[in-house]
Amino acid sequence: MNREIQDEMEAMVDRAIHAEDLNGWMKSFIAARAEGDSIWSELTESTHGMLGGRSPHIIKAAALTELVMLTLDIVDDLQDRDKGHRIWMTCPEAYTLNAVLAFLMMFMGEAGQLQWQTGRTMTPFLPEISQWVLSAVNGQQKDLNPHAHIADEADYFKMVQLKSGSLIQLACYLGYSLAESSSAGLTGQIDELAACLGVVAQIENDVRNLEQLGPGNDILQKKRTLPILYMLSQEQDGFPELAQYYDGRLGAEDFIRQHKQACLQAIADSGCLEYAKIIQALYYDKAEQLFEAMPGPPYWKERFRRVTLDRYATASLRNNG
26 MNREIQDEME AMVDRAIHAE DLNGWMKSFI AARAEGDSIW SELTESTHGM LGGRSPHIIK
86 AAALTELVML TLDIVDDLQD RDKGHRIWMT CPEAYTLNAV LAFLMMFMGE AGQLQWQTGR
146 TMTPFLPEIS QWVLSAVNGQ QKDLNPHAHI ADEADYFKMV QLKSGSLIQL ACYLGYSLAE
206 SSSAGLTGQI DELAACLGVV AQIENDVRNL EQLGPGNDIL QKKRTLPILY MLSQEQDGFP
266 ELAQYYDGRL GAEDFIRQHK QACLQAIADS GCLEYAKIIQ ALYYDKAEQL FEAMPGPPYW
326 KERFRRVTLD RYATASLRNN G
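Sequential numbering of the sequence shown, starting at 26, is according to my numbering.
Given below as structure tokens:
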């Protein structure tokens, strides 16, 4: 996130929040976000540029992308409780919840204003944005309660499309919706590309998560990610204690105390990580094909590639392609 985007987000806070303490906390959340490697605003800007967009409002649209992604990340951290060092986890929780409410209402209000500023009053701009966000919320709920929602890989990919794909599609939508020359065919191609990138990104997170059985580990939370589903399918030949833990026949404390090392070894030996990377590579290749087929100025295409495909074009990924 560049300084221009941060300034725009802080200006939104100043327009909406007059309680000085909450105003300060929200700006500190934004500043913490700016110190990281968030790519959401760049995704919006580069999508806009690829379609030849020249809107004077693109910075505001990109700031809105960062705003809603920050909000959803804060909610995710409050749910998982695995990133206690982040500033929104160290400030009073009541303040953080108030900030979340404020961020959400700011996002919708500023998006409505953007619709008027760009003359798109006859287009379903706000309903489209709302639908992307609601899709992500539905996906997050399925991820939080996988026992009720994820029985197999098909369910997993549906969850990922909602949870991860919808967010990338939203970031792209905020870019291409302001481009004058966007066509239904091209925007549909971008949406498909975004969906593939969502799977690539989610599998990357799933694989990294299994590297150690620490706080926030997907196994300890009984999540059903792609590599975990693979391990559960190998129950009889591999590590039956995993299914026992997921079924409730084995408690968390006993599982960690008695089977932690065996679980780590099973992760290494089962082939679950390799399997996940192969599936990831298939989606990566599909995303790359879609991207290469897209028209657009080379400068903007390169910027888009840098914050999407290049982030996952590692040697290990390509070796599985």
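Where a beta carbon is used, it is the ideal one built from N, C-alpha and C, also for glycine.
Among the residues of its own chain, which have a CB less than 6 Å from the CB of residue i, if the five just before and after it don't count?
| i | result |
| --- | --- |
| ALA204 | HIS73, LEU76 and GLY78 |
| PHE264 | ALA291 |
| TYR19 | The displayed coordinates of the chain run from 26 to 346. Any statement about residue 19 would go beyond what the structure contains. |
| ALA36 | none |
| TYR308 | CYS221, VAL224 and VAL225 |
| PHE280 | TYR270 |
Suppose contacts are defined by Cβ-Cβ distances below 9 Å. Is residue i in contact with residue j by that definition?
| i | j | result |
| --- | --- | --- |
| LEU169 | GLN104 | yes |
| LEU254 | TYR181 | yes |
| PRO252 | VAL225 | no |
| SER71 | PHE329 | yes |
| GLY223 | SER191 | yes |
| GLU29 | ILE84 | yes |
| LEU211 | PRO323 | no |
| CYS288 | LEU238 | yes |
| GLN227 | LYS188 | yes |
| MET133 | ILE154 | yes |
| GLN165 | ASP101 | yes |
| ALA86 | LEU139 | yes |
| GLY241 | ARG106 | yes |
Counting C-beta neighbours from all protein chains within 10 Å, is the total for residue i 16 or more, i.e. buried, or is it exposed?
| i | result |
| --- | --- |
| TRP141 | exposed |
| MET131 | buried |
| HIS43 | exposed |
| TRP113 | buried |
| HIS284 | buried |
| GLY200 | buried |
| ALA306 | buried |
| THR69 | buried |
| SER341 | Legend: pLDDT at SER341 = 40, less than 50; position of this residue unreliable, value from coordinates given subsequently. So SER341 counts as exposed. |
| ASN234 | buried |
| GLN286 | exposed |
| SER207 | buried |
| PRO149 | exposed |
| LEU159 | exposed |
| ALA56 | exposed |
| ARG249 | buried |
| ALA318 | exposed |
| GLY273 | exposed |
| THR121 | buried |
| ALA358 | With the chain represented from 26 up to 346, any question about residue 358 goes unanswered, as that position is not in the structure. |
Near residue i, what residues of its chain come up, given a Cβ to Cβ distance below 7 Å and the 5 sequence neighbours on each side ignored?
| i | result |
| --- | --- |
| PHE268 | Checking the displayed sequence, the identity of residue 268 turns out to be Ala instead of Phe. Excluding residues within five positions, the ones whose Cβ falls inside 7 Å are LEU257 and GLU260. |
| TRP65 | THR90, GLU91, MET94 and ALA196 |
| MET26 | ARG58, ALA59, SER63, SER66 and GLU91 |
| TYR337 | VAL225, GLU229 and TYR309 |
| ALA219 | GLY190, ILE193, GLN194 and CYS197 |
Let's see if you can read the secondary structure: which residues bound the alpha helix (DSSP H) around residue i?
| i | result |
| --- | --- |
| PHE132 | 118-142 |
| ALA196 | 191-201 |
| PHE316 | 297-317 |
| HIS172 | 171-174 |
| ALA44 | First-last for ALA44: undefined, no H or E at that position. |
| GLY210 | 209-234 |
| ASP101 | 83-105 |
| LYS326 | 323-332 |
| GLY77 | Note, GLY77: premise wrong, no alpha helix (DSSP H); not H, not E. |
| GLN269 | 265-272 |
| GLU178 | 178-185 |
| SER63 | It is not in any alpha helix (DSSP H) - SER63 carries neither H nor E in the DSSP assignment. |
| MET435 | Absent from the model: residue 435. The displayed extent of the chain is 26 to 346, so no value can be given. |
| THR115 | 112-115 |
Compare the Cα-Cα distances from residue i to each of the options and report the closest residue.
| i | options | result |
| --- | --- | --- |
| MET34 | PHE128, PRO81 and TRP157 | PHE128 |
| LEU334 | GLU313, ASP294, ARG40 and GLY321 | GLU313 |
| TYR198 | ILE215, LYS183 and LEU187 | ILE215 |
| LEU47 | ASP262, GLY241, ALA119 and PRO81 | ALA119 |
| LYS326 | ASN163, GLU67 and GLN138 | GLU67 |
| LEU97 | GLU178, SER80, PRO152 and ARG58 | ARG58 |
| GLY61 | GLN31, ILE304, TYR337 and PRO240 | GLN31 |
| ASN162 | MET184, TYR337 and ASN230 | Per the sequence shown, residue 162 should be read as Val rather than Asn. Ranking MET184, TYR337 and ASN230 by Cα distance to VAL162 puts MET184 first. |
| LEU151 | GLY137, THR143 and GLY144 | GLY137 |
| ARG111 | SER295, GLU45, GLU178 and SER53 | SER53 |
| SER295 | ASP262, CYS116 and ARG331 | ASP262 |
CB-CB under 8 Å to residue i, same chain, minus the five flanking residues each way: which ones, in chain order?
| i | result |
| --- | --- |
| MET51 | VAL38, ILE42, ALA124, ALA127 and PHE128 |
| LYS247 | PRO171, HIS172, TYR270 and TYR271 |
| GLU217 | LEU315 |
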